[in-house]
Each structure stands twice: as C-alpha cells, then as structure tokens.
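**Q** This is the structure, below, for whatever I ask next.
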Amino acid sequence: MNRIWNSIVGKLWVTILLLVSFVLFIVTVLLLEFLGNFHSETVEEALHNEANMIARIFNEQSGEGNLSIVDEVLGPETNAVIAEEPGKISYYLHDGLNGEEIREKIVSEKEFQKVFESDETVTKEMLLPSLSEADRMESYIVMASPLQTSDELHGTVFIYQSLEVMDRTAERTTNIVFLSAFIALLLTTFFAFFLSTRITSPLRNMREGAFELAKGNFDTKVKVSSGDEIGQLAIAFNQMGRQLKHHLEVINQEKEQLSSILTSMADAVITFNQDKTILLSNPPAEKLLRQWLFKDGTDAKALPSEMLHMLDHVLTFQEEIEEELEIEGAYYAVNFSPLYSGESVRGAVAVLHNMTEQHRLEKLREDFIANVSHELRTPIAMLQGYSEALLDDVGASEEERNEMTKIIYEESQRMGRLVTDLLNLARLESGHMRLYKELVQFNNAIERMSLKFSQAAKEKGIELSFTTELDDWAAAELDEDRIEQVMTNLIDNALRHTPEGGQVHVHVENMGDRAKVSINDTGAGISEKDLEFVFERFYKADKARTLGKGGTGLGLAIASNIIKAHSGEIRAESKLGEGTSFIFTLPLKAM
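For the sequence shown, the positions run 1 to 591 when UniProt numbering is used.
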C-alpha cells in the first residue's frame with residue numbers, strides 16, 4: 001500500500017476511485033430516496049384512482065356484476081376489499097395465500113373505522129402476511145376510501161398492494177449502481193494508467209534525470225515527448241541542466257584560478273570564520289601555522305596572541321587593520337580585512353608578508369654605510385692630519401717629511417683599494433661585470449695561482465702545498481683573471497690568519513662534470529655562529545680574529561659573486577682551534 005501511495009499513479013488512481021465511489025454513493029442514496037418517494041406517491045395516486053374508479057362502478061352498476069368489471073380494472077399486484085359496514089367484508093378480489101387473514105386485519109384496523117363515519121381517505125403502510133409465501137411478513141400500503149352511492153354512504157373500499165415491488169425496484173437500482181461502480185473502477189484504472197503513460201512516465205524520467213543531476217552528471221537530458229506543460233517542463237529541465245553545468249564550470253574555473261593564485265602567492269593568506277576557525281590557507285600559511293602550532297616540539301596556540309588581538313578587532317569593529325609584527329624572530333607585515341556576507345561580517349582574511357629579508361637587507365645597508373664610513377674615516381683623518389702637518393712645515397727633517405708623504409700615499413692606496421673593491425662588488429651583484437672566459441687547463445691554472453704565494457709563505461714560516469686528483473687534460477672555461485682574484489683572496493686570507501709553523505694546503509678533486517678546489521689552513525678557525533656570515537660585506541669589521549690583519553672586508557663577498565658568475569658554488573667549513581677550509585666548485589668543459 002505504501003508503494004502505491006508513494007507513486008503518483010497510485011495517488012491518482014486512488015483519488016479518482018474515491019471520488020467516483022463517493023459520487024456514486026451519494027447518487028445511490030439520493031436515487032433510492034427519490035425512487036422510494038416517487039414509488040410511494042405513484043402507488044398512493046394509483047390506489048386512489050382505482051378506489052375512485054371502483055366507487056364510480058358501484059354507483060353506476062349494482063350487484064355482483066360489479067366485481068367482474070373491478071377485477072378487470074385492478075392490476076395483478078393490487079387487491080381490493082369492500083366492506084359495507086365496519087368489520088364486515090362484502091366483496092374482495094384476488095384472493096391468495098393468507099388472503100383471509102390479511103382482509104380481516106385490514107377491515108379491523110382502528111384507523112380505518114373513521115372512514116365509515118366520514119368521507120376522508122386514509123392511507124397506511126402495514127406489515128401483513130405474504131400472499132405468496134407462508135410464515136413471511138411483507139410491507140403493504142393500504143388505502144381506505146369511502147364508497148358512496150348517490151348521497152348516502154355504502155361502506156368503504158380497501159385497496160392494498162405489497163411494497164415488494166418497490167423493494168425489487170430499489171434492489172435493481174442498487175445493482176445498477178454497483179455495476180456502474182465496477183465499470184467506473186475499470187475505467188478509472190484504465191484512465192489512471194493511461195495518464196501514467198502520458199503524464200507520470202515523463203515525470204519519472206525527469207525524476208531519474210534529477211537524481212543524475214544530483215550525482216553531478218550535468219549532461220543528462222530528458223526526452224521531450226509533447227508540447228504541453230509537461231513537455232515545456234522537460235525543456236526547462238534540460239535548460240536547467242545546461243545552465244547548471246555552465247555555472248559549475250565557471251565556479252570551478254574561478255575556484256581553480258583562486259586556488260592557483262593563492263598557491264603561487266609568496267605571502268601567507270589565511271581566511272577565518274566568524275568563530276575564528278580557519279577556513280582556508282595557502283601553502284606558505286600552512287607552513288607558518290605548523291611552525292606556530294608545534295613550536296619546539298610542544299603544543300602551542302595556532303595563532304600568536306598579537307594576531308588574535310587583531311582578529312578580534314576586525315570582527316568587532318568591522319574595519320581593516322594593518323600592522324608590522326615580530327613573531328619568533330621573524331618580521332611580518334600583517335593585514336586583516338573583514339569578509340562580508342551581505343551587510344554582516346562573516347569572517348576575516350589575513351595576509352602576512354614576510355619582511356625578515358627586507359629587515360636583514362636594511363640592517364646590511366645600515367651596516368654597510370657604517371662600515372664604509374668606518375673604513376674611510378681613518379685614512380681620511382690620517383690624510384688630513386699629515387697633509388696639514390706638511391702644510392704647516394711640522395716635519396723637523398727631510399726623513400720625517402718623507403715618512404709623512406709615504407703614509408699619505410699608503411692611505412690613499414688603501415682608500416683606492418676600498419673604492420675599487422666596492423665598485424667591483426657592485427658590478428658583480430648587479431650583473432654588469434663582464435667576464436672574459438677562455439678555455440684553460442684547470443690544474444695548471446690553479447697550481448700557478450697557488451704557488452705564486454710560496455715566497456710570502458716562506459717569509460711567514462708557513463708551509464704552502466698543492467695537490468690534485470684531476471686529470472692533466474681537464475679543462476674549464478674561465479675568466480682567469482677573476483678566478484685568480486678569488487684564489488689570491490682566499491690564499492692571502494689563509495696566510496694572514498695562520499700562525500707561524502702552520503700549513504696552507506690547496507687541493508683539487510674530480511667530481512665528474514665539476515672540479516672541487518679546497519684551500520685549507522691550520523689557523524684559529526671561525527665560530528659556528530659567524531660562519532654563515534663570512535661572505536657578507538665587511539665581515540671582518542668588529543671580528544677579533546681580523547683585527548690588525550689589514551684588508552677591506554670585501555674580498556670574500558667579491559669571491560662569492562665571482563664563483564656564482566661562473567655557475568659555481570662556494571662555502572666555508574671551520575672549527576675553532578683546528579683551522580678553516582674554503583671550498584668552491586667550478587664546471588668542467590667536456591672535451
């Protein structure tokens with residue numbers, strides 16, 4: 001039953017069936033009532049007419065000859081009894097089973113006694129024995145009408161008729177109604193399933209299509225089988241599927257575009273809900289969130305307290321806020337903006353731009369200016385002082401004046417070297433330094449650059465050596481002058497920072513398509529915390545290991561840029577008290 005009721009065909013069938021049944025029931029009740037009243041009125045009218053006719057016959061004719069005429073007038077279903085006095089039967093017609101008992105009950109009925117005394121006709125429905133079956137009672141309609149001859153009363157005519165005819169009529173009517181109900185049931189079922197093929201079948205197809213759309217199959221189409229409302233609905237359904245597919249493709253494209261933009265952004269982007277939960281974040285933001293959440297291997301807040309305060313401000317006051325924060329040693333420019341849904345704020349979006357490198361570069365710039373000022377202050381002061389002394393003829397002898405002139409010359413040379421180094425470094429970092437590369441034998445070039453410091457090493461009591469594991473025929477495309485500048489700087493640094501009796505060793509290794517050059521010394525070494533800054537400008541400034549050693553502090557920065565310009569790599573390894581190794585690699589030329 002549930003399956004029928006859940007189907008539109010079943011609902012339609014049951015609804016029509018109930019409607020037809022209700023209409024037939026009402027029609028049957030009204031029809032039976034109408035037929036009953038109509039039959040009663042007809043019978044009464046017929047009995048009244050027959051009673052009047054019997055009275056006229058008796059008026060016109062006398063004697064028992066009247067009975068034959070009355071018998072011809074009455075129908076087979078009607079009986080008549082004539083009583084000239086109360087309780088006394090004079091004539092009767094159509095005798096049958098239980099006829100005498102019926103006549104006695106009718107004549108003796110009290111309500112009919114007043115007919116003998118007046119000209120009033122009385123009609124009554126009585127329960128009397130059957131004329132056709134023994135021991136069965138039937139309903140009869142009995143009419144008592146006065147019988148007059150001239151102006152005098154001569155008894156009463158009792159005409160009675162069984163209501164079984166009326167019951168049979170009602171029964172036939174009921175049968176006709178039931179037959180009509182059965183035919184209506186058949187027709188209803190037929191038309192319901194006919195409507196199913198014309199109406200519900202397209203609807204079922206659209207239902208299945210809707211399920212397919214719900215699964216994401218937007219290419220689903222339903223067949224348009226008619227031009228009525230259902231056909232128009234099918235057309236609208238197909239248009240809806242196309243529009244859904246189009247809009248979904250547009251949404252997916254925008255989503256992919258937004259995802260690509262967020263993924264490719266270097267800045268961290270985090271979207272928050274109204275309850276401060278994170279809705280969306282790009283890879284840089286996820287990296288930051290992991291760092292904050294598992295700081296030092298322990299659980300921590302997902303967001304720093306400073307950012308939580310900014311988020312509270314944006315959600316409360318619904319205004320954009322921008323600040324620069326220092327979080328765990330890193331600097332971020334943080335921008336919070338509210339996200340609206342109509343007129344209300346549904347969340348906020350935060351954009352974090354890492355300013356750590358800018359801060360570092362700013363500090364390097366400031367340090368660079370301070371270091372250049374520091375490096376230039378001493379020679380300028382000395383140039384100014386000794387020049388003034390010479391101008392004032394302070395020197396007591398020619399030898400002293402020559403000494404002053406020599407100091408002025410050396411300081412000017414030092415300033416020239418500093419300015420030259422700064423210019424070279426600036427050109428290298430900007431990419432404007434031109435390299436004049438030539439194909440050279442790698443071993444010969446490095447050995448020549450190394451052994452030119454042999455005399456300087458002997459004067460300082462330091463052992464300088466060179467070894468190689470590279471084949472003699474290995475070649476590289478180099479700017480020999482620039483590589484010699486690198487070797488000069490590295491070996492000179494090694495000699496200056498290696499004590500007497502120490503060793504400086506230059507070693508060349510084969511790494512396949514690259515050559516590895518190591519300059520190792522047995523000097524004091526560099527601390528681990530300072531090791532990563534050795535290639536910065538003016539690294540020697542404020543470093544105790546370099547005080548009194550001379551130099552501008554730009555050599556390693558220049559060396560690093562030269563090696564990188566040759567597509568190579570350079571690094572430093574050191575341990576305090578054991579020495580330092582500067583290692584760089586250069587690509588070899590395939591022969």
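All C-beta atoms, glycine included, are put in the ideal place defined by N, C-alpha and C.
Note that the structure is predicted; figures quoted are calculated from it, not measured.
Check whether the Cβ atoms of I106 and V43 sit closer than 8 Å, and answer yes or no.
**A** Here residue 106 corresponds to residue number 106 of the sequence shown, with the count starting at 1. Here residue 43 corresponds to residue number 43 of the sequence shown, with the count starting at 1. No, the pair does not count as a contact, with Cβ atoms beyond the cut-off.
**Q** Taking the straight line between their C-alpha atoms, what separation do you get for D521 and I491?
**A** For the purposes of this step, residue 521 is taken as the residue at position 521 of the sequence shown. For the purposes of this step, residue 491 is taken as the residue at position 491 of the sequence shown. Distance between the alpha carbons of D521 and I491: 9 Å.
**Q** Note the first and the last residue of the continuous alpha helix (DSSP H) segment covering G241.
**A** Here residue 241 is taken as the residue at index 241 of the sequence shown, counted from 1. Segment E229 to S264, the alpha helix (DSSP H) holding G241.
**Q** Would you call the region 448-464 and the region 498-518 touching, i.e. three or more CB-CB distances under 8 Å?
**A** Touching, per the Cβ criterion.
**Q** Could you tell me the distance, in whole angstroms, from the CA atom of E469 to the CA atom of T488?
**A** For the purposes of this step, residue 469 is identified with residue 469 of the sequence shown, where counting begins at 1. For the purposes of this step, residue 488 is identified with residue 488 of the sequence shown, where counting begins at 1. Taking the straight line from one Cα to the other gives about 21 Å.
**Q** Just to confirm, are R103 and V81 a CB contact at a threshold of 8 Å?
**A** For the purposes of this step, residue 103 is taken as the residue at position 103 of the sequence shown. For the purposes of this step, residue 81 is taken as the residue at position 81 of the sequence shown. Result yes, Cβ atoms of R103 and V81 sit closer than 8 Å.
**Q** Can you look up V534 in the DSSP assignment and give me helix, strand or coil?
**A** Here residue 534 is taken as the residue at index 534 of the sequence shown, counted from 1. V534: coil per DSSP, three-state reduction.
**Q** Kindly indicate which residue of N217, I407 and A348 has the alpha-carbon position closest to the one of I278.
**A** One-based indexing of the sequence shown puts residue 278 at position 278. If we check each option's Cα against that of I278, A348 comes out closest.
**Q** Considering just the uninterrupted stretch of the alpha helix (DSSP H) at Q455, what are its terminal residues?
**A** Locating residue 455 in the sequence shown gives position 455, counting from the first residue. That run of the alpha helix (DSSP H) goes S454 to E459.
**Q** On a CA-only basis, which of P338, V345 and N354 is nearest E326? Give me that one, please.
**A** As a working note, residue 326 is residue 326 in the sequence shown. Residue N354 is the option with its Cα nearest to E326.
**Q** I'd like to check one pair, E410 with K589: are the Cβ atoms closer than 8 Å?
**A** Within the sequence shown, numbered from 1, the residue matching residue 589 stands at position 589. Within the sequence shown, numbered from 1, the residue matching residue 410 stands at position 410. No, these two residues do not count as a Cβ contact at 8 Å.
**Q** Can you find the residues in the same chain that come closer than 6 Å, C-beta to C-beta, to N493, ignoring five residues on each side of it along the sequence?
**A** Counting from 1 along the sequence shown, the entry for residue 493 is found at position 493. Same-chain partners within the cutoff: there are none.
**Q** Three or more beta-carbon pairs under 8 Å between the region 574-587 and the region 505-524, yes or no?
**A** Touching, yes.
**Q** With H353 as the anchor, note down where its beta strand (DSSP E) starts and where it stops.
**A** Numbered from 1 along the sequence shown, position 353 holds the residue referred to as residue 353. S344 to N354 is the span of the beta strand (DSSP E), which, as asked, contains H353.
**Q** Taking its Cβ as the centre, do 16 or more other Cβ atoms sit within 10 Å of E50, making it buried, or is it exposed?
**A** As a first step, residue 50 is located in the sequence shown; it is residue number 50 there, counting from the start. Buried, because 16 or more other Cβ atoms sit within 10 Å of the Cβ of E50.
**Q** For V440 and A330, what's the separation of their Cα atoms in angstroms?
**A** Here residue 440 is taken as the residue at index 440 of the sequence shown, counted from 1. Here residue 330 is taken as the residue at index 330 of the sequence shown, counted from 1. Rounded to the nearest angstrom, the two C-alpha atoms are 46 Å apart.
**Q** Does the distance from the C-beta atom of S337 to that of L383 stay below 8 Å?
**A** The count along the sequence shown starts at 1 and reaches residue 337 at position 337. The count along the sequence shown starts at 1 and reaches residue 383 at position 383. Contact: no.
**Q** Checking 8 Å against the spacing of the C-beta atoms, do I251 and A350 come in under that value?
**A** The count along the sequence shown starts at 1 and reaches residue 251 at position 251. The count along the sequence shown starts at 1 and reaches residue 350 at position 350. Not closer than 8 Å, so no.
**Q** If we count the other Cβ atoms within 10 Å of its Cβ and call it buried at 16 or more, is W13 buried or exposed?
**A** Start at 1 with the first residue of the sequence shown, and residue 13 comes out as number 13. It counts as buried.
**Q** R482 and I380 - do their beta-carbons sit closer together than 8 Å?
**A** Taking the sequence shown and counting its residues from 1, the one referred to as residue 380 is at position 380. Taking the sequence shown and counting its residues from 1, the one referred to as residue 482 is at position 482. Not in contact: I380 and R482 (Cβ atoms no closer than 8 Å).
**Q** If you measure between the beta carbons of P283 and D267, is that distance less than 8 Å?
**A** The residue given as residue 283 occupies position 283 in the sequence shown. The residue given as residue 267 occupies position 267 in the sequence shown. It is not a contact, given that the beta carbons lie outside the stated cut-off.
**Q** Express the C-alpha separation of L18 and R172 in angstroms, rounding to a whole number.
**A** Locating residue 172 in the sequence shown gives position 172, counting from the first residue. Locating residue 18 in the sequence shown gives position 18, counting from the first residue. Between R172 and L18, the C-alpha separation is close to 23 Å.
**Q** Sorted by chain position, which residues of the same chain lie with C-beta nearer than 7 Å to A184's C-beta, five sequence neighbours on each side aside?
**A** Translated into positions along the sequence shown, residue 184 becomes position 184. The residues are V20 and L24.
**Q** Just verifying my parser: in three-state terms, what is the DSSP assignment at M415?
**A** One-based indexing of the sequence shown puts residue 415 at position 415. Note: M415 maps to helix in three-state DSSP.
**Q** With DSSP run on the structure shown, which of helix, strand or coil describes K437?
**A** Here the question's residue 437 lines up with position 437 in the sequence shown. In this structure, K437 counts as coil in the three-state DSSP scheme.
**Q** Give me the residue from K406, Q318, M310 and W292 with the minimum Cα distance to E343.
**A** On the sequence shown, residue 343 is found 343 positions in, with the first residue counted as 1. When each option's Cα is compared against that of E343, the closest is Q318.
**Q** Going by C-alpha distance, which of D167, V345 and N217 is nearest H313?
**A** For this step, residue 313 is matched to residue 313 along the sequence shown. Cα-wise, what sits closest to H313 is V345.
**Q** Which of the three DSSP states is assigned to A330 in this structure?
**A** By 1-based counting over the sequence shown, the position of residue 330 is 330. Three-state DSSP puts A330 in a strand.
**Q** Going by other Cβ atoms of all chains shown within 10 Å of its Cβ, with 16 needed for buried, is H309 buried or exposed?
**A** Looking up residue 309 in the sequence shown gives position 309. H309 is exposed by the Cβ-count criterion.
**Q** Tell me whether Y436 is buried or exposed, calling it buried when 16 or more other Cβ atoms sit within 10 Å of its Cβ.
**A** The residue you call residue 436 lines up with position 436 of the sequence shown. So Y436 counts as exposed.
**Q** Identify the continuous beta strand (DSSP E) that holds K114 and give its terminal residues.
**A** Here residue 114 is taken as the residue at index 114 of the sequence shown, counted from 1. Careful: K114 lies outside any beta strand (DSSP E), inside the alpha helix (DSSP H) at K114 to E117.
**Q** If distances are taken between C-alpha atoms only, which option among S90, L30 and T188 comes closest to T15?
**A** Residue 15 sits at position 15 when you count from the first residue of the sequence shown. Taking only the C-alpha atoms, the option nearest T15 is T188.
**Q** Give the single residue among H359, V177, T200 and S260 whose Cα lies nearest to the Cα of G10.
**A** Counted from its first residue, the sequence shown places residue 10 at position 10. Per the Cα distances, T200.
**Q** By the three-class DSSP mapping on this structure, what secondary structure does V23 have?
**A** Reading the sequence shown from its first residue, position 23 is the one you call residue 23. Helix.
**Q** Given a cut-off of 8 Å on the beta-carbon distance, is the pair G155 and E41 in contact?
**A** By one-based count along the sequence shown, residue 155 stands at place 155. By one-based count along the sequence shown, residue 41 stands at place 41. Contact: no.
**Q** Consult DSSP for G525 and reduce its assignment to one of helix, strand or coil.
**A** The sequence position of residue 525 within the sequence shown is 525, counting from 1. Coil.
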